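Structure first, then comments.
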Amino acid sequence: MSGARGAQTSSRALIVATLLAVALPAAAPAHHILGIPHYKYSDEYPQIPYMEVLAQVGPHDLVFTHFPGFPEPGEAVRFKLYIRERDGGRVFRQPLRIEVTQKHFLRRTEPVVPPFDIRPGSGPERNDYKFFLTFSEREAYELRLRFPSGDGFETIPFPVVIGKTDDRPLIFGAVALLALAVASVAAVKRRRRWRRRRREVPA
Amino acid sequence: MMSHDPVQGLPAAAFWAALAAALLLLAWSLRGGGSRFARPAPTRRFELTSWRPLSWLLTRRPFQFAVQLPLVLALFLILAAGFFGTPVAERNFATVATWTIWWTLLIVDIVLLGRMWCLVCPWEALASWLRRLAFWRRRREEPLALELEWPRWLRNVYPATLLFVGLTWLELGFGVTRSPRATAILGLVMVLLAVLPALVFERRSFCRYGCLIGRICGLYSMMAPVEVRARDREVCRGCRTKDCLRGNAAGYPCPTGQCLAAMSSNTYCTVCTECLKSCTRGNVAINLRPWGSDLETVARPRRDEAVLALVMLSLTSFHGLTMTPAWSEALSWLRGITGLGYLAAFSLGMTLVLLLPGALHLLWSAAVVRAMPVGNRGAAGAGGWTSSGLWPVASRYAYPLIAVALMYHLAHNAGHFLLEAGSFVPVLSDPFGSGRDLFGTAGVVAAPLASRGVIWGLQIVLVLLGLYWALRAAERAHRRHAATAAIPGVGQRVRLLTGAFLLLATAWNLWLLAQPMEMRTGM
Ligand code: SF4
Ligand code: SF4
Ligand code: SF4
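Following this line, the structure appears as structure tokens:
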């Protein structure tokens, strides 16, 4: 994976505000990630999907997006993070630390680059944290954001999946195993029947 | 919306009040030499199948197929969504349907309906359809069944116990509940585990010995208020054909080798309804009965079942423990002092948590053996079974723990279900998390189904009910023990010791419920 790099990409896709509006009430305790790709239906329909994840930490709402929604290995992924207070809407602008971990299937999660800091863009209208990452492997990654909460910090995991794992060999393997078992059992039963018939035929 | 403050557990006042109530319950159970809990094992039954339409329905051959088919379709949807859908657990039908809905409702199902899951089980459906090459027709010979004997050394519930421990290790060590793909792989592995032995071995040996779900359900369903039983044992005594066991033109032989003439526990019955079809004397009934009935009538405790009961007690607690900050801290400490990596430390921690209740139970049982009335220790009961040795005592007194484990399991899962079940609404509309909106509900973020106060109250009531049933079962165990060991009674010290162990397990469970709990998809 290459390190973070800044770049200019116009954020033409809008964050689907309705999702924020229908999000759980502040007191709702459940741990939900709304990590669905959202489509912006505009003049340029159909748009490339975004992945959007909403999070809630203390008084803050976090909106995390990455583009494209389904990145492939080697493709630069643009990440954006908007943080504002739920009541009053004041924008959060402090530097934040991010760690990137790789979630190997059936192996433990491990960091893939040293943690790095992100800062919001300058200028009054720029309140988003923006950075780019390129992932080389088809895997599940997690961006772990260290965010101040109460007297300490909380780590918030944002899932990022690079490429689609091809499970067809696994499925074909299982089906082939079943077919083999069925064929073997059928053959043994045929043989048993044949033997039985031979025994029954008087010599 | 993702909230990273762990869900607050029971408030301190509620925890202490519940603990005090548990203590009072124990004291109450001890009064009058346990006479309050010593009423004869409940024999009241209400026969559901006396309602003609129900009995007609259950005796139709396509009945099981009809109730299994929707579940088979759901299984295929889970496999497809897990393999081809979004990897985000909360938005994938596979993870939400499996861990938030099924795994939670499975326990509710056991508490309310017994082993009804096995009646509709999609794995068993696939195994039976393939083995018989028929969906419901009774075939004289099952064309794809080799009918080999299940190995003698595997005729116990240890294979299922090992699978259960293995699944928990995978689930908690690798976060299978948070991975749609891993969930689908597990579903597929279960298909293979159910189908392959069904082709090779006699009857449904996998259901009888190997299925972890079946064994968990089996042991828990000793508590259940529903049972399949012979309507009149006298009729069975005069029955020479034993069609329920052997099958006939109307029904297949019992898949787990049960004969209704002798069946006295739900443990190995998969409620397949074949005996209702095959019994030519119409002597099979499905009854409603008081909760905990089988626990109170355990005549001959089995060591393998006792081990499974202890493993279930450990693992249900372990599930809860891993979701508390205390577990993360303990794991960090363990890694610090041993220098082990995450996985090794997790495995070590899990092994310790797994062994601890078993070791404690053995120690406690040793104390119980010592506290038994002097002079009768080691007495042989009917049939020459030495009932007062450590193992028989440990086995006998492991059964009441099933009630404690089940009700904590239910309390824990109820919390998850009431908080998280809403996520089923959007995934139904967008099972693959691919941006579709089949029913217009893909964007819905449902609120929790109950307030935290209601959930806490419910959890406390469930845990206390578990203790109540466990104390009742323990009292029955005392009396049976006294009868088999030919002693007048076990004495108040034994009663106090066993009660204290049940109280300890209950207190631990209450403490777990009082911890801040991380939410995740499923248990
Ligand atoms: S024992 Fe297992 S495989 Fe058999 S019916 Fe029950 S859940 Fe299904
Ligand atoms: S249930 Fe029916 S078939 Fe089975 S032993 Fe009793 S009478 Fe015979
Ligand atoms: S045949 Fe009867 S006793 Fe045997 S599993 Fe089916 S329902 Fe239970």
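Read top to bottom, the protein sequences are chains V and U.
As numbered in our numbering, the first sequence has no gaps in its residue numbers, which increase by one up to the final residue, 203.
As numbered in our numbering, the second sequence has no gaps in its residue numbers, which increase by one up to the final residue, 1523.
Glycine included, C-beta positions come from ideal geometry on N, C-alpha and C.
Bear in mind that the values here come from a model prediction, so they are computed numbers and not experimental data.
- Counted as a single uninterrupted DSSP element, the stretch harbouring Y1252 (chain U) is not any alpha helix (DSSP H), since DSSP gives it neither H nor E.
- In the three-state reduction of the DSSP assignment, F70 (chain V) falls in the coil class.
- Boundaries for N1092 (chain U): no alpha helix (DSSP H) harbours it, and the DSSP string shows neither H nor E there.
- Taking 8 Å as the cut-off, the beta carbon of A1326 (chain U) is found no closer than this to the beta carbon of G1349 (chain U).
- When secondary structure is reduced to three states using DSSP, T1100 (chain U) falls in the helix class.
- Looking from the CA of R1229 (chain U), the closest CA among U:A1474, U:V1454, U:G1457, U:F1046 belongs to U:F1046.
- Residue-level contact check: K80 (chain V) does not touch chain U, since none of the beta carbons of chain U fall below 8 Å from its beta carbon.
- Cβ proximity to chain U below 8 Å picks out A140 from the segment 114-140 of chain V.
- At a cut-off of 8 Å between beta carbons, V1195 (chain U) contacts chain V.
- Excluding the 5 residues flanking it on each side, R1303 (chain U) has same chain C-beta neighbours closer than 7 Å at W1391, S1395, in chain order.
- Here the alpha carbon of M1263 (chain U) sits roughly 14 Å from the alpha carbon of L1295 (chain U).
- Your pair P159 (chain V) and E142 (chain V) checks out as a contact, with CB atoms roughly 6 Å apart and the cut at 8 Å.
- In the DSSP assignment, Y82 (chain V) is bridged to V:V63, V:D128.
- Distances taken from the Cβ of A1485 (chain U) to the heavy atoms of ligand 1 include none shorter than 7 Å.
- The beta carbon of V1120 (chain U) sits closer than 7 Å to the beta carbons of V1067, Q1068, L1071 from its chain, once the five residues preceding and following it are set aside; these are given in chain order.
- For R1204 (chain U), none of the residues of chain V pass the 7 Å Cβ criterion, the least Cβ distance being about 15 Å.
- In the assembly as shown, P169 (chain V) is an exposed residue. Its beta-carbon has fewer than 16 other beta-carbons within 10 Å.
- Looking at the backbone, the Cα of C1254 (chain U) and that of N1248 (chain U) are separated by about 11 Å.
- Contact annotation for R1181 (chain U) against chain V: F105, A140, T165, D167 [CB-CB distance below 9 Å, chain order].
- Taking S1365 (chain U) as the centre and dropping the five residues before and after it, the same chain places the C-beta of L1390, V1393, A1394, Y1397 closer than 7 Å to its C-beta, in chain order.
- In this structure the segment 182-194 of chain V does not touch the segment 1106-1114 of chain U; the number of beta carbon pairs closer than 8 Å is below three.
- Taking C-beta atoms under 8 Å as the contact rule, D1243 (chain U) and S1221 (chain U) fail to qualify, at a distance of about 24 Å.
- Spatial neighbours of R1139 (chain U) in its own chain (CB-CB distance under 6 Å, excluding positions within 5 residues in sequence) are listed in chain order as R1132.
- The beta carbon of I162 (chain V) sits no closer than 8 Å to any beta carbon of chain U.
- L1260 (chain U) has its CB nearer than 7 Å to a heavy atom of ligand 3.
- Pairing Y1252 (chain U) with R1237 (chain U), the inter-Cα distance amounts to about 21 Å.
- Put simply, the CB of V182 (chain V) is near chain U, with a gap under 8 Å to one of its CB atoms.
- Take S1429 (chain U), set aside five residues on each side of it, and the residues of its chain with a beta-carbon closer than 6 Å to its own are D1437, L1438, F1439, T1441, A1442, in chain order.
- Around the beta carbon of S1423 (chain U), a 10 Å sphere encloses 16 or more other beta carbons of the protein chains shown; the residue is thus reported as buried.
- Distances between the C-beta of C1254 (chain U) and the heavy atoms of ligand 1 are all 7 Å or more.
- The Cβ of P1087 (chain U) sits closer than 8 Å to at least one Cβ of chain V.
- For the segment 1113-1130 of chain U, residues whose beta-carbon sits nearer than 8 Å to a beta-carbon of chain V comprise L1130.
- A Cβ-Cβ separation of about 6 Å places Y1408 (chain U) in contact with T1316 (chain U) under the 8 Å criterion.
- Of the other Cβ atoms in all chains shown, 16 or more fall within 10 Å of the Cβ of Q102 (chain V); this residue is therefore buried.
- The Cβ of L1026 (chain U) sits no closer than 8 Å to any Cβ of chain V.
- Rounded to the nearest angstrom, the Cβ distance from T1256 (chain U) to C1207 (chain U) is 6 Å, consistent with a contact under 8 Å.
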